[in-house]
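This report refers to the structure that appears directly beneath it.
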Amino acid sequence: MSNLAVIGAGSWGTALAMVLADNDHNVRIWARRSDQVNEINEHHTNSKYLPNITLSERITAYTELDKALENVEVVVLVVPTKAIRENVQHMIKFLSKPITIIHASKGIEPGTHKRVSEMIEEEFSKTNLLQNVVVLSGPSHAEEVSLRQPTTVTVSSESHEASELAQDLFINKHFRVYTNSDLVGVEIGGALKNSIALVCGLTNGLGLGDNTKAAIMTRGLAEITRMGVKLGANPLTFAGLSGLGDLIVTCTSIHSRNYRAGKMIGEGKSLDDVLASMGMVVEGIRTTKAAHELALKWQVDMPITSSLYAVLFEGLSPNQATEQLMGRVKKHEVEQLSVDFQ
Ligand SMILES: NC(=O)C1=CN([C@@H]2O[C@H](COP(=O)(O)OP(=O)(O)OC[C@H]3O[C@@H](n4cnc5c(N)ncnc54)[C@H](OP(=O)(O)O)[C@@H]3O)[C@@H](O)[C@H]2O)C=CC1
Ligand SMILES: O=C(CO)COP(=O)(O)O
């Protein structure tokens with residue numbers, strides 16, 4: 012049993028807290044709203060994010076970050092990517108000894124193009140309070156994990172021992188955890204698939220069918236791999252849980268917020284209206300911005316992601332985007348990647 016805190020009590024933080032509680036850990040979960048903390052502690056539910064699920068009594072919620080972090084060795088950080096930096100800055104104020112952070116957020120920061128582990132390391136860089144950062148990623152909707160449906164994920168870190176620590180904390184008979192030494196690939200796969208899921212939803216909203224979805228997923232994986240390899244990832248990672256696996260689950264599931272948001276946009280709703288109606292994070296919007304910037308910076312061809320960028324931020328209509336994508340210059344399907352990963 013480790014001293015553990017989960018920071019972020021949304022869908023995924025709560026589902027991961029349940030996995031840890033199933034593994035006999037006493038879990039402190041931090042949420043910023045006292046009504047939610049009271050609900051978790053008094054009723055063992057988190058009705059906004061995981062309706063109809065009863066939480067373990069091993070999970071105790073706090074609004075006070077100092078109490079949640081007292082004597083912790085491992086912090087599971089599960090807030091939206093845009094809130095990572097501010098939450099790490101708050102955490103640092105209350106830490107008295109070095110910790111390992113296992114993060115489970117799927118995004119890239121626009122402007123800096125940092126992955127989540129890079130943001131965490133940067134925020135900790137002037138302290139000696141960070142032992143290791145691990146990412147936990149893969150095809151795993153919180154709604155199904157909270158029902159203990161068989162799920163597989165992967166963990167990755169620059170430290171193999173830290174990956175194994177995360178694997179040991181989370182693995183159980185419903186939640187199978189693999190290790191993968193490709194931190195860049197695991198984080199890039201988890202982040203970039205969100206844009207592809209938005210596009211799959213969007214084509215569905217336009218009334219297009221399964222041929223189109225298969226095309227978007229397959230060619231989407233090709234462009235994720237192209238960018239990942241450019242950034243130093245192992246191409247094989249994208250055939251795994253944090254590539255193909257997460258792409259399948261996010262592009263085809265009613266649980267995916269990215270897919271659902273894309274569908275509403277395809278049906279003609281404005282981005283602002285869609286985001287206002289979701290009530291949960293849609294990571295693919297900001298990550299599309301970051302990915303489009305990365306594509307320009309590294310001259311990597313990402314036609315699907317860049318078309319989505321034009322639809323979201325430049326007023327291109329989804330129908331025009333489809334015509335442009337289908338009218339591109341003819342190509343050979345399989346390309347040679349210049350691979351120089353470690
Ligand atoms: N849901 C899923 O199935 C999966 C999600 N993920 C990833 O996990 C991350 C978190 O997503 P998820 O839990 O689903 O999101 P949700 O939208 O379900 O919940 C977001 C949580 O973050 C909190 N939050 C939002 N902004 C801030 C902030 N500025 N400071 C502190 N807390 C904040 C929210 O608090 P409040 O309620 O007060 O607004 C809420 O607790 C994302 O990167 C997502 O891609 C990964 C795998 C699966
Ligand atoms: O990453 C996820 C499942 O693996 C969750 O996807 P959404 O954020 O689109 O719901």
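In the working numbering, the protein residues as written are 12 to 353. Here a beta-carbon is modelled for each residue, glycine too, at the ideal position from N, C-alpha and C.
Beta-carbon to beta-carbon, T165 and T190 are separated by about 7 Å, close enough to satisfy the 8 Å threshold. For N34, same chain residues with a beta-carbon under 6 Å away, outside a window of 5 residues either side, are N183 in chain order. Residue V87 holds the alpha-carbon nearest to the alpha-carbon of A173 among S58, V87 and L247.
Taking V127 as reference, the option from I95, L305 and T111 with the minimal CA-CA separation is I95. Inclusion of L141 and E133 in the CB contact set at 8 Å is not warranted, their separation being larger than that value. Within its own chain, the residues whose Cβ lies closer than 6 Å to the Cβ of I113, once the five positions on either side in sequence are excluded, are V87, V145, L147 and A177, listed in chain order.
For N49, the enclosing alpha helix (DSSP H) begins and ends at S45 to H54. Between I70 and I51, the beta carbon gap of about 7 Å places them in contact (Cβ cut-off 8 Å). Setting aside the 5 residues that flank it on each side, V311 is surrounded in the same chain by E234, R237, M238, K241 and L305, each with a C-beta closer than 8 Å to its C-beta; the list follows chain order. Excluding its 5 nearest sequence neighbours in each direction, I265 has no C-beta neighbour in its own chain below 6 Å. In chain order, F105 place their CB closer than 7 Å to the CB of D77, counting only its own chain and leaving out the 5 sequence neighbours on each side. In the three-state scheme derived from DSSP, where H, G and I count as helix and E and B as strand, H114 is classed as strand. If you draw a straight line from the Cα of I119 to the Cα of N82, it comes to about 30 Å. Annotated three-state conformation of R69 is coil, per DSSP. Secondary-structure assignment with DSSP links I259 through no beta bridge to anything. G149 sits away from L66, with the two beta carbons spaced by 8 Å or more. With a beta-carbon spacing of about 12 Å, R297 and T123 fall beyond the 8 Å limit used to define contacts. Within the chosen limit of 7 Å, ligand 1 does not reach the beta carbon of G251 with any heavy atom. Each residue's CA atom was taken as its position, placing T333 and A250 some 26 Å apart.
Here K341 has no same chain residue with a Cβ atom under 7 Å from its own Cβ, once five neighbours each way along the sequence are excluded.
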